[in-house]
Amino acid sequence: MKDLATINRETKQKQMQNSFPEQSSTSQPRVQLLTISEEEAGQRIDNFLLRICKGVPKSHIYRVLRSGEVRVNKGRIDQLYRLAEGDVVRIPPIRVAETSVQVVPKLEFPILYEDPYLLIIDKPAGVAVHGGSGVSYGVIEQLRASRPEAKFLELVHRLDRETSGILLIAKKRTALTNLHEQMRDGVTDKRYYTLIAGDWKNARQHVKLPLHKYTTADGERRVRVQADGMASHTIFSLKKKYQRFALLEAELKTGRTHQIRVHLSASGFPIVGDEKYGDFALNKSLQKANTDHGAFKRMFLHAHQITFMHPENGKVMTVNARLPEDCEAFLFSLG
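Quick look at the structure:
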């Protein structure tokens, strides 16, 4: 029989162990030897390490690279080295400060097309494509959580958080590289539907205004028209006119940040619901239904079509995503 003092002492020890669990030997920093797969080949060593060493500051990753502690096939490399299939990467022990674990919810999105090389989804409005800038996780993190068996899932391009529609995800690095080349060379054709406020006149109109990215005092990313900005070109086609609005199709000839939004705003035709470059008084008034229109509480910008060459067989593909129900309902309410 254990006396009361012994029982109390053992209970206290168990409580302390629960409060401060011992680290297993597997959690201690140790040397890792990783063999590069076909999907991982082609990326730079620094980007590879940033993905593998979650939670390690960038500065520490580059310091380890400069020190020569990271080896590829037992030899020293610099941060620009591109990995090849079969390379053996030595990663030295790197201690990461303990942080609370962020649980990413598993979530699939409406699939428009999928094969061993590509996943094309219809992204809802209000969902970021990736974590960062105050967002813990986005589409790509949620897809990876829902598909733990997937060896490779990477965004081919981005959509603004408020924009809905077609989003391409590569399932192989070769597909990612090929599609990036197509976009860089202007091979892809991206089309968006957008509803603007104002009396749009022309059936087809080219807008060529140089765009400059900047950051506001509170750290928000913005874009403005500026003479020394990046050359930018959008073609707008009128699809339907309403009393106070017009439905346009925007064809991107360049792919600058916020290009459609800023080109329209600078031309005097803000996008309905645009909280950065739009008509804020109008947006507020549209949030409640009246006799002229239904309620609308998002930005009316939807990536509805993309044409590209399949990265594996070169076949020309066109993928479409119909307007979301809330956009269609609002157009219907306008008559």
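Going by the numbering used here, the sequence shown opens with residue 1018, and the numbers climb by one from there.
A virtual CB, placed ideally from N, CA and C, is assigned to each residue, including glycine.
Whole-number beta carbon distance between residue j and residue i, since they are thought to touch under 8 angstroms
| i | j | result |
| --- | --- | --- |
| Leu1082 | Ile1138 | Actually they are not in contact, since the Cβ atoms of Leu1082 and Ile1138 sit about 35 angstroms apart, beyond 8 angstroms. |
| Tyr1259 | Arg1278 | Rounded, the Cβ-Cβ distance is 20 angstroms, inconsistent with contact. |
| Ser1163 | Lys1123 | 4 angstroms |
| Thr1180 | Met1316 | 7 angstroms |
| Ala1346 | Gly1182 | Actually they are not in contact, since the Cβ atoms of Ala1346 and Gly1182 sit about 17 angstroms apart, beyond 8 angstroms. |
| Val1089 | Ile1108 | With a Cβ gap of about 10 angstroms, Val1089 and Ile1108 do not count as contacting. |
| Ser1254 | Leu1226 | Actually they do not touch by this definition, with Cβ atoms about 18 angstroms apart. |
| Arg1190 | Ala1058 | 6 angstroms |
| Gly1215 | Ala1263 | 7 angstroms |
| Arg1241 | Thr1233 | Incorrect: roughly 11 angstroms between the Cβ atoms, too far for contact. |
| Pro1341 | Ala1142 | 7 angstroms |
Per-residue DSSP class, three states only, for residue i
| i | result |
| --- | --- |
| Met1316 | coil |
| Asn1195 | helix |
| His1250 | strand |
| Glu1268 | strand |
| Ala1101 | coil |
| Lys1258 | strand |
| Ser1041 | Bear in mind that a pLDDT of 40 at Ser1041, under 50, signals an unreliable position, so the number given afterwards is only what the model happens to contain. The answer is coil: DSSP assigns Ser1041 none of H, G, I, E or B. |
| Ala1283 | helix |
| Lys1332 | coil |
| Glu1179 | coil |
| His1077 | helix |
| Leu1340 | coil |
| Lys1168 | coil |
| Glu1237 | coil |
| Arg1047 | coil |
| Leu1299 | helix |
| Gln1060 | coil |
| Glu1131 | strand |
| Ala1306 | coil |
Alpha-carbon to alpha-carbon, residue j and residue i
| i | j | result |
| --- | --- | --- |
| Asn1219 | Ser1282 | 16 angstroms |
| Asn1025 | Arg1047 | Model confidence at Asn1025 stands at a pLDDT of 47, short of 50, so the residue's coordinates are unreliable; what they give is reported in the following sentence. Cα-Cα distance, rounded: 38 angstroms. |
| Asp1343 | Leu1318 | 12 angstroms |
| Ser1044 | Arg1273 | Note on Ser1044: pLDDT 49, under 50, position unreliable in the model; no value is reported. |
| Phe1061 | Gln1096 | Checking the sequence, you will find Arg at residue 1061 rather than Phe. One C-alpha to the other measures close to 7 angstroms. |
| Gln1040 | Val1073 | The pLDDT assigned to Gln1040 is 39, lower than 50, so where the model puts this residue is not dependable; a value taken from the coordinates is nonetheless given after this. Whole-angstrom Cα-Cα distance: 19 angstroms. |
| Ala1267 | Asp1291 | 16 angstroms |
| Trp1217 | Leu1196 | 34 angstroms |
| Val1130 | Lys1256 | Checking the sequence shown, residue 1130 turns out to be Tyr, not Val. Cα to Cα, the separation comes out at about 26 angstroms. |
| Tyr1134 | Asn1307 | 47 angstroms |
| Leu1067 | Tyr1079 | 10 angstroms |
| Gly1085 | Cys1070 | 17 angstroms |
| Lys1270 | Asp1245 | 19 angstroms |
| Ile1353 | Val1106 | An answer regarding residue 1353 cannot be provided, because it is not within the stretch 1018 to 1352 covered by the chain. |
CB of residue i within 8 angstroms of CB of residue j, strictly
| i | j | result |
| --- | --- | --- |
| Asp1206 | His1275 | no |
| Met1247 | Leu1228 | yes |
| Val1289 | Leu1212 | yes |
| Ala1320 | Tyr1209 | yes |
| Val1204 | His1280 | no |
Is the segment 1153-1160 touching the segment 1168-1182, taking contact as three or more C-beta pairs under 8 angstroms? yes
For the structure I just gave you, are there three or more beta carbon pairs, one from the segment 1297-1316 and one from the segment 1326-1334, closer than 8 angstroms? no
Tell me, please, whether the segment 1099-1106 touches the segment 1049-1056 by the rule of three or more beta-carbon pairs shorter than 8 angstroms. yes
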